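Q: Just so you know, we're using numbering that gives the first Met the number 0 here: the sequence shown kicks off at 0 and counts up by one.
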Amino acid sequence: MRVVLAAIGLVCLVLSPAAAHAQAIGNPVFSSYDFVLQATVEYGSSDRDLDAGRKDAEESQLDTALLKVVLGLHPRFDIYLTVGLVNFDLCTGDAQEICGQDGELSGASDFAYGGGARWTFWDSEHIEAAIGVSTLLFSVSDQVQNSDLSVDWWEYEVYAGASFPVFQHATPYLGVSYSVVDAQFDGPNSVDLEADDPFGVFVGVDVPLGNYFSLTAEGRFIDQTAWSVGVNARY
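1) At which residue ranges does the segment 144 to 208 contain complete beta strand (DSSP E) runs of 3 or more residues, listed in the order of the chain?
2) Which partner residues of R53 appear in the DSSP bridge assignment?
3) Report yes if the CB atom of P74 is closer than 9 Å to the CB atom of Y158, and no otherwise.
4) Who pairs with N231 in a beta bridge, going by DSSP?
5) On the three-state DSSP scale, how would you describe H73?
6) As a quick exercise: from E127, Y211, T39 and V228, pick the residue whose alpha carbon is nearest that of Y234.
7) Out of A232, G209 and G199, which one is the CA nearest neighbour of I24?
8) Spatial neighbours of H20 within its chain, please: CB distance less than 7 Å, with the 5 preceding and 5 following residues excluded, ordered by chain position.
9) Counting C-beta neighbours from all protein chains within 10 Å, is the total for G209 16 or more, i.e. buried, or is it exposed?
10) Hey, G239 and G174: beta-carbon distance below 9 Å or not?
11) Would you mind working out which of E217, N231 and L192 sits nearest R47, comparing C-alpha positions?
12) Rounding to the nearest angstrom, what Cα-Cα distance links L70 and S213 in this structure?
13) Using three-state DSSP, classify E124 as helix, strand or coil.
14) Can you give me the Cβ contacts of D205 inside the same chain, cut-off strictly under 6 Å, excluding the 5 residues immediately before and after it?
15) Taking C-alpha atoms, which residue in D141, G203, V150 and V165 lies nearest to V180?
16) State buried or exposed for L104, treating a residue as buried only when at least 16 other CB atoms are found within 10 Å of its CB.
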């Protein structure tokens, strides 16, 4: 299924000018436009430890192919809607306490959606800073050894970041985040799942591609190990 997601992500990248999320945060002060639609298409992957109230954390992997549609309501304020596909793996590591003996939720895929908002509170020649919130929701299920396994996932995140428009051909950015995972696992042992570490950092770069497009690459660390790439279109 990851091959399918990667293919979808590649197709979306190619089609993103016409169409004009692991979910990436992206440049926290991306828009600076009012009442102008923008779009970001991204493909990413995230490895994260989840706390299930057991001795060992459960290992999870989340692959995403997402479309983010952004509306700038003000040069300093955006809202956005996120839709796409996710592929979720759970209990694929050494700790398999909740999935049962030799059980794992692997390659479970389904539709995901979410949204968010961001506000740029500082804007100067060499640094711009913003705060934001985002959500991502999905449900996946699979049958393993005659057992039905499913996960209902709700993730809520707040972040603060800054970008540095000091280079002509690239804008680096970085920030910190706090992520709340509220997930319900149903299977041989039904439990609640939470992020093992909610605090994280992100770092990335936004590279302009002409007047209307840019390419973004981002990494996320501490709370998860994640990477993503995306194409942004501004109209």
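Beta carbons: idealized from backbone N, C-alpha and C, even for Gly.
Computed from a prediction, not measured in an experiment: that's the story for all the values here.
A: Let me spell this out:
1) Within the segment 144 to 208, the complete beta strand (DSSP E) segments at least 3 residues long are 146 to 162, 170 to 185, 190 to 194 and 198 to 208, listed from N- to C-terminus.
2) Note: R53 sits in no beta bridge, so no partner.
3) no
4) T39 and S213
5) H73 falls in the strand class under three-state DSSP.
6) Taking Y234 as reference, the option from E127, Y211, T39 and V228 with the minimal CA-CA separation is Y211.
7) G199
8) Per-residue confidence for H20 stands at a pLDDT of 35, beneath the threshold of 50, marking its modelled position as unreliable; the derived number appears in the next sentence. Around H20: E41, G43, T63, L65, K67, T81, G83 and L135.
9) exposed
10) The structure shown does not extend to residue 239, since the chain spans only 0 to 234, so no value can be given for it.
11) For the options E217, N231 and L192, the alpha carbon positioned closest to that of R47 is the one of L192.
12) Cα to Cα, L70 sits roughly 17 Å from S213.
13) coil
14) N26, T170, S213 and T215
15) From the listed residues D141, G203, V150 and V165, the smallest Cα separation to V180 is found for V150.
16) buried
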